[in-house]
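>
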Amino acid sequence: MTSSAAFIGLALAFAVGMIGTTLPTPLYPDYQQAMGFSQLTITVIFAVYALGVVASLLIFGRWSDQLGRRPMLLAALALSAATDLMFLQADGLMAILAARVLSGLSAGILTTTASVAVMEAAPEGKRRAGTLAATAANMGGLGLGPIFAGVIASLLPQPLIWPYALHLLLVVVAVVFVLRANETVERKPSPDLGVQRPALPSDAASVFVPAAVAAFAGFMVCGFFTAVAPGVMTRDLNYSNPALIGLVAGILFLASTLGQAVLDRIPEKRRLPVGTAVLLAGVLVVAMALGLRMLAPLLAGAVIAGIGQGIAFRAGLAAVVGATSEDRRAATTASYFIVAYIAISLPVVGVGLLSGAIGLHVTSLVFAGLVAALCCAALVMLIRKRSVPS
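So this is what it looks like as structure tokens:
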């Protein structure tokens, strides 16, 4: 396989894996109807996925450097295929929870291994293209998952079957792409497969905290659109079409891809404040849409918030890495990702709990207010940091 073909093949394999992680999003209303799940149960189903991601990042984060990229990519795709098979046979809550944990483990391996593999496979002299391809495959895959599942569920019978069956075929194709790619890492004779321990060095704390707060706010929005928005669409906005639900969820991640792609056009010192401000603007538009129960501003808010989340997340990660000594970067980066995946999971469980008491509509507005407050807090910290002489 030529270098260009391998590069494209690995990027597509990465995207296929990430598509699988968000397939259930537009199908949650169908699961609620078929299995009688409450909104709390739906948020818990989503949250266990994030726990799987965190566990995978900590346990397997260093393995591809020791065992090679291809074995870990194949392991991630095997977990993705197992997830599809479990969903195809799921007859209750425990099977779905187990499938979501496997999906999280797959996503964690892909996040660390596939990102590096795609960048390493980029043709010589096109490193920027490699970075953009990895970003597009990651966030773009997350965005295409709900859209893919929603369209399939709208066009074909058995909406809880066909999205997973067709994705399983895509996984088989992705495995072929990985098998045909060249290995870029020599397997260590005595591999060190230790757990990646998160840490926060004191020299990076002043940079880490505002970046982490902004990331927390951004991933809260991601959690809302993937776990809560389907319920909002069906109950508050009276839209039950899976394709439309998938579009609302997926467009946020596609916009995040765009935000990360345009990051380099923003002056470095302004990237994190700009991203956080755009995220805040998007959240305010989403809050307005929820209050008015209108679809168009909800879509607009998703796009704006997604762009802001993409800019803020990538800018924050770059700032944290740049402020940390080389020997502590892996541990600090792990901490940053853990903050992000806590944000995408635990707050939406809170939404599920609170919605039982005060209703999903009011809870969603409270949630939007909390995200807006976090954005404001991050902006205040960033402004204060800039005003302090270095």
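Numbering-wise, the sequence shown is residues 10 to 399 according to this note's numbering.
Beta carbons are placed, not taken as given, at the ideal position from N, Cα and C, and that holds for glycine.
Measuring alpha carbon to alpha carbon, tell me which of Ala332, Arg302 and Met390 ends up nearest Leu374.
Locating residue 374 in the sequence shown gives position 365, where the first residue counts as 1. Measuring from the Cα of Leu374, the nearest candidate turns out to be Arg302.
> Check Val194 in the structure and name its three-state DSSP category.
Position 185 of the sequence shown, counting from 1, holds the residue named residue 194. Reduced to three states, the DSSP call for Val194 is coil.
> Tell me which residues share the same chain as Met390 and place their Cβ nearer than 8 Å to its Cβ, disregarding the 5 neighbours each side in the sequence.
What you label residue 390 is simply residue 381 of the sequence shown in a count that begins at 1. Non-local C-beta neighbours of Met390 in its own chain, meaning closer than 8 Å and more than five positions away in sequence, comprise Val218, Pro219 and Val222, ordered along the chain.
> Is it the case that the Cβ atoms of Ala343 and Pro207 are separated by a distance below 7 Å?
Walking along the sequence shown from the start, residue 343 turns up at place 334. Walking along the sequence shown from the start, residue 207 turns up at place 198. Cβ atoms of Ala343 and Pro207: closer than 7 Å.
> How about Ala377 and Ala324: are their beta carbons less than 7 Å apart?
Position 368 of the sequence shown, counted from the first residue, corresponds to residue 377. Position 315 of the sequence shown, counted from the first residue, corresponds to residue 324. Contact flag unset, no.
> So, at 7 Å on beta carbons, what are the nonlocal neighbours of Val294 in its own chain, with the 5 sequence-adjacent residues on each side left out?
Reading the sequence shown from its first residue, position 285 is the one you call residue 294. Within the same chain, Val294 has close Cβ partners Pro306, Ala309, Gly310 and Ile313.
> At a cut of 8 Å, does the segment 34-48 reach the segment 230-246 through at least three beta carbon pairs?
yes
> What residues in its chain sit with their C-beta under 7 Å from that of Val283, if we drop five residues either side in the sequence?
Translated into the one-based positions of the sequence shown, residue 283 becomes position 274. Only Ile275 and Ile320 meet the Cβ criterion.
> Let me know the secondary structure DSSP gives Met95 once reduced to three states.
Within the sequence shown, the letter at position 86 stands for residue 95. Helix, per DSSP.
> How do the segment 98-106 and the segment 114-125 stand: do at least 3 beta-carbon pairs fall below 8 Å, yes or no?
no
> State the Cα-Cα distance for the pair Val292 and Pro200, rounded to the nearest angstrom.
Start at 1 with the first residue of the sequence shown, and residue 292 comes out as number 283. Start at 1 with the first residue of the sequence shown, and residue 200 comes out as number 191. Cα-Cα distance, rounded: 45 Å.
> Within the continuous alpha helix (DSSP H) that includes Glu335, where are the two ends?
Residue 335 sits at position 326 when you count from the first residue of the sequence shown. Taken as a continuous stretch (DSSP letters only), Glu335 belongs to no alpha helix (DSSP H), as it is neither H nor E.
> Where do the ends of the alpha helix (DSSP H) carrying Tyr173 lie?
For the purposes of this step, residue 173 is taken as the residue at position 164 of the sequence shown. Counting along the chain, the alpha helix (DSSP H) containing Tyr173 begins and ends at Trp171 to Arg189.
> Taking the alpha carbon of Ile170 as the reference point, which residue from Asp39, Arg395 and Leu363 has its own alpha carbon closest?
Your numbering for residue 170 matches position 161 in the sequence shown. Minimum Cα distance to Ile170 is reached at Asp39.
> Looking at C-alpha atoms only, which residue of Ile28, Gly139 and Val230 is the closest neighbour of Ser12?
As a working note, residue 12 is residue 3 in the sequence shown. Per the Cα distances, Gly139.
> According to DSSP, is Tyr248 part of a helix, a strand, or is it coil?
As a position in the sequence shown, residue 248 is number 239, starting the count at 1. Looking at Tyr248 - three-state DSSP - the assignment turns out to be coil, as it is neither helix nor strand.
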